[in-house]
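>
Number of protein chains: 2
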Amino acid sequence: MTTAQLTVTIIIASWKNTLGRADKLFSTLTEEQFLREVAPGKNRILYLLGHLTAVHDGLHTILGLGERMHPEFEAIFVSKPDRAIEPLPSISELKKYWTEVNSSLLEKFARLLPEEWLQRHMAMSNADYAKDPTRNRLSVLLSRTNHLSYHLGQIILAPK
Amino acid sequence: MTTAQLTVTIIIASWKNTLGRADKLFSTLTEEQFLREVAPGKNRILYLLGHLTAVHDGLHTILGLGERMHPEFEAIFVSKPDRAIEPLPSISELKKYWTEVNSSLLEKFARLLPEEWLQRHMAMSNADYAKDPTRNRLSVLLSRTNHLSYHLGQIILAPK
Numbered sequence: 301m302t303t304a305q306l307t308v309t310i311i312i313a314s315w316k317n318t319l320g321r322a323d324k325l326f327s328t329l330t331e332e333q334f335l336r337e338v339a340p341g342k343n344r345i346l347y348l349l350g351h352l353t354a355v356h357d358g359l360h361t362i363l364g365l366g367e368r369m370h371p372e373f374e375a376i377f378v379s380k381p382d383r384a385i386e387p388l389p390s391i392s393e394l395k396k397y398w399t400e401v402n403s404s405l406l407e408k409f410a411r412l413l414p415e416e417w418l419q420r421h422m423a424m425s426n427a428d429y430a431k432d433p434t435r436n437r438l439s440v441l442l443s444r445t446n447h448l449s450y451h452l453g454q455i456i457l458a459p460k
Numbered sequence: 301m302t303t304a305q306l307t308v309t310i311i312i313a314s315w316k317n318t319l320g321r322a323d324k325l326f327s328t329l330t331e332e333q334f335l336r337e338v339a340p341g342k343n344r345i346l347y348l349l350g351h352l353t354a355v356h357d358g359l360h361t362i363l364g365l366g367e368r369m370h371p372e373f374e375a376i377f378v379s380k381p382d383r384a385i386e387p388l389p390s391i392s393e394l395k396k397y398w399t400e401v402n403s404s405l406l407e408k409f410a411r412l413l414p415e416e417w418l419q420r421h422m423a424m425s426n427a428d429y430a431k432d433p434t435r436n437r438l439s440v441l442l443s444r445t446n447h448l449s450y451h452l453g454q455i456i457l458a459p460k
């Protein structure tokens, strides 16, 4: 295994592992639990499921892997806080979209070569990338893995 | 920059960036806020500060960088839940230990060569590492970065 293969494998494994924890958590929650706030006055789990789906969907464009599957989620789950837009899509719809978005990404990740992971991401110009080659696809994926962990830590706090 | 240098740089940058967010958050909290629970009946922020310090301190041994600075924290902040052991060290002591542990690690990280980051971690035998070379120092650091993000997401929820 080359160094590039090894490090790409590690970073994708960390993403998959964190996603696996999220999937497991979401699969145990009842409909009623999805409507609970993670702490008094904070986001409901349902909103966070949509928020994570929207942010992951955005990886399609920022990593140059294709179009977003649900561009309309940006306005509902990223630009606006929970309860600004009602009603939200149903729990079963959101769970379906979550699975579809993550499956699409994993399929596309598998087709990228290690050296392509080290290329600049799409929110960055060639000139900026030349100045800072650490702003590549891998650093974006690391950042989104941490974002997922951040919200997982919150979802686990919601009352059972 | 070689591929190994580049990926090590990215992973350490993600660690530093997440630590920076934690430092900023801890620096804004009053003594009273450190005693608040992140959600009703859950860990107090003070306990999480000790927990994160203990887990980061453990990186010294698992990464083969030296002895733990506060081995006694394992029993207080890892093996036992919040409120099992009272009193906890004071907030000012814990903040000092937090800073000392993270500074010590960053100093030691800076002395590791990129290829040393790709070597097995110390909780793993040579035989197991030969079977799975992704179980290296970098994967441990990724895992601890996600652990920090997970608890940061919780700390931010505590009532202001």
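So the sequence lines, in the order shown, correspond to chains A and B. Residues in the first sequence are numbered consecutively from 301, following this note's numbering. Residues in the second sequence are numbered consecutively from 301, following this note's numbering. The beta carbon of each residue, even a glycine, is placed where N, CA and C say it ideally should be.
1) From R437 of chain B to A354 of chain B, what distance separates their C-alpha atoms?
2) Would you decide whether D432 of chain B is buried or exposed? Buried here means 16 or more other CB atoms lie within 10 Å of its CB.
3) Going along chain B in order, which residues have a C-beta closer than 7 Å to the C-beta of L301 of chain A?
4) Rounded to the nearest angstrom, what separates L448 of chain B and K395 of chain B at their Cα positions?
5) Output, in chain order, the set of chain B residues within a Cβ distance shorter than 7 Å of Y450 of chain A.
6) What are the boundary residues of the alpha helix (DSSP H) that K431 of chain B is part of?
7) Can you find a C-beta in chain A that's less than 8 Å from the C-beta of S443 of chain B?
8) Based on the DSSP secondary-structure assignment, which residues constitute the bridge partners of N436 of chain A?
9) What distance in whole Å lies between the Cβ atoms of L457 of chain A and A410 of chain B, which are believed to be in contact at a cut-off of 8 Å?
10) Does the CB of L365 of chain A have a neighbour CB from chain B at under 8 Å?
11) Let me confirm a value: L406 of chain A is counted as buried when at least 16 other C-beta atoms fall within 10 Å, else exposed. Which label applies?
12) Should T303 of chain A go down as buried or exposed, given a rule of 16 or more other Cβ atoms within 10 Å for buried?
13) Using only the alpha-carbon positions, how far apart do K342 of chain B and Q305 of chain A sit?
14) Where I311 of chain B and A430 of chain B are concerned, what is the direct C-alpha to C-alpha distance, given to the nearest angstrom?
15) What separation, rounded to the nearest whole angstrom, lies between the Cα atoms of P414 of chain B and K460 of chain A?
16) What is the residue span of the alpha helix (DSSP H) that F326 of chain B lies within?
17) Could you give the distance in angstroms between the alpha-carbon of L352 of chain A and the alpha-carbon of Y450 of chain A?
18) Return the residues of the stretch 328-355 of chain A that lie within a Cβ-Cβ distance of less than 8 Å from chain B, sorted by chain order.
19) Under 8 Å by Cβ, that's how I've got Q357 of chain A and V308 of chain A pegged, so tell me the actual separation to the nearest angstrom.
20) If distances are taken between C-alpha atoms only, which option among A:T434, A:M424, A:S404 comes closest to L418 of chain A?
21) Determine whether the beta carbon atoms of M422 of chain B and T330 of chain B lie at a separation below 8 Å.
22) Nearest-angstrom Cα distance between R420 of chain B and L365 of chain B?
23) Taking Cβ-Cβ distances below 9 Å as the criterion, which residues of the stretch 302-328 of chain A are in contact with chain B?
24) Can you tell me where the alpha helix (DSSP H) with G350 of chain A in it begins and where it stops?
25) Could you name the residues that DSSP lists as bridge partners for E337 of chain A?
26) Hey, P389 of chain B and G350 of chain B: beta-carbon distance below 8 Å or not?
27) From L335 of chain A to G453 of chain B, what does the alpha carbon distance come to, in whole angstroms?
28) I need the DSSP call for S379 of chain A, collapsed to helix, strand or coil.
Reading it off the structure:
1) Walking along the second sequence from the start, residue 437 of chain B turns up at place 137. Walking along the second sequence from the start, residue 354 of chain B turns up at place 54. Cα-Cα distance, rounded: 18 Å.
2) In the second sequence, the residue the question calls residue 432 of chain B occupies position 132. So D432 of chain B counts as exposed.
3) Working through the first sequence from its first residue, we reach residue 301 of chain A at position 1. The question names Leu, yet the displayed sequence has Met at residue 301 of chain A. Here the neighbours are P433.
4) Walking along the second sequence from the start, residue 448 of chain B turns up at place 148. Walking along the second sequence from the start, residue 395 of chain B turns up at place 95. Inter-residue distance for L448 of chain B and K395 of chain B is about 16 Å (C-alpha atoms, whole angstroms).
5) Walking along the first sequence from the start, residue 450 of chain A turns up at place 150. For Y450 of chain A, the residues of chain B that pass the 7 Å Cβ criterion are S449, Y450, L452, G453, in the order they occur in the chain.
6) Position 131 of the second sequence, counted from the first residue, corresponds to residue 431 of chain B. From DSSP, the alpha helix (DSSP H) with K431 of chain B extends over 426-431.
7) Position 143 of the second sequence, counted from the first residue, corresponds to residue 443 of chain B. At least one beta carbon of chain A lies nearer than 8 Å to the beta carbon of S443 of chain B.
8) Reading the first sequence from its first residue, position 136 is the one you call residue 436 of chain A. According to DSSP, N436 of chain A bridges with A:R420.
9) Counting from 1 along the second sequence, the entry for residue 410 of chain B is found at position 110. Counting from 1 along the first sequence, the entry for residue 457 of chain A is found at position 157. Wrong, their Cβ atoms sit about 35 Å apart, outside the cutoff.
10) For the purposes of this step, residue 365 of chain A is identified with residue 65 of the first sequence, where counting begins at 1. By the rule that beta-carbons nearer than 8 Å mark a contact, L365 of chain A does not touch chain B.
11) Position 106 of the first sequence, counting from 1, holds the residue named residue 406 of chain A. Exposed, since its Cβ has fewer than 16 Cβ neighbours within 10 Å.
12) Locating residue 303 of chain A in the first sequence gives position 3, counting from the first residue. Result: buried.
13) For this step, residue 342 of chain B is matched to residue 42 along the second sequence. For this step, residue 305 of chain A is matched to residue 5 along the first sequence. C-alpha separation (whole angstroms): 41 Å.
14) As a position in the second sequence, residue 311 of chain B is number 11, starting the count at 1. As a position in the second sequence, residue 430 of chain B is number 130, starting the count at 1. Cα to Cα, the separation comes out at about 23 Å.
15) As a working mapping, residue 414 of chain B is identified with position 114 in the second sequence. As a working mapping, residue 460 of chain A is identified with position 160 in the first sequence. P414 of chain B and K460 of chain A have their alpha carbons spaced roughly 44 Å apart.
16) Here residue 326 of chain B refers to the residue found at position 26 of the second sequence. For F326 of chain B, the uninterrupted alpha helix (DSSP H) run begins and ends at 303-328, by DSSP.
17) Counting from 1 along the first sequence, the entry for residue 352 of chain A is found at position 52. Counting from 1 along the first sequence, the entry for residue 450 of chain A is found at position 150. Straight-line Cα distance between these residues: approximately 11 Å.
18) Cβ contacts with chain B come from V338, A339, P340, K342.
19) In the first sequence, residue 357 of chain A corresponds to position 57, counting from 1. In the first sequence, residue 308 of chain A corresponds to position 8, counting from 1. A small correction: the amino acid at residue 357 of chain A is Asp; Gln does not occupy that position in the sequence shown. D357 of chain A to V308 of chain A, Cβ: 22 Å. No contact.
20) By 1-based counting over the first sequence, the position of residue 418 of chain A is 118. Selected option, being the one with the closest Cα: A:T434.
21) The sequence position of residue 422 of chain B within the second sequence is 122, counting from 1. The sequence position of residue 330 of chain B within the second sequence is 30, counting from 1. Note that the C-beta distance between M422 of chain B and T330 of chain B is not below 8 Å.
22) The residue given as residue 420 of chain B occupies position 120 in the second sequence. The residue given as residue 365 of chain B occupies position 65 in the second sequence. Cα to Cα, R420 of chain B sits roughly 13 Å from L365 of chain B.
23) Within the stretch 302-328 of chain A, the qualifying residues are T302, T303, A304, L306, T307, V308, T309, I310, I311, A313, S314, N317, T318.
24) Looking up residue 350 of chain A in the first sequence gives position 50. 345-362 is the extent of the alpha helix (DSSP H) around G350 of chain A.
25) Along the first sequence, read from residue 1 onward, the residue named residue 337 of chain A stands at position 37. According to DSSP, E337 of chain A bridges with A:R344.
26) Start at 1 with the first residue of the second sequence, and residue 389 of chain B comes out as number 89. Start at 1 with the first residue of the second sequence, and residue 350 of chain B comes out as number 50. Yes, Cβ-Cβ distance for P389 of chain B and G350 of chain B is below 8 Å.
27) Counting from one through the first sequence, the residue named residue 335 of chain A turns up at place 35. Counting from one through the second sequence, the residue named residue 453 of chain B turns up at place 153. If you take the alpha carbons of L335 of chain A and G453 of chain B, they lie about 19 Å apart.
28) Within the first sequence, the letter at position 79 stands for residue 379 of chain A. Residue state, collapsed to three classes: coil.
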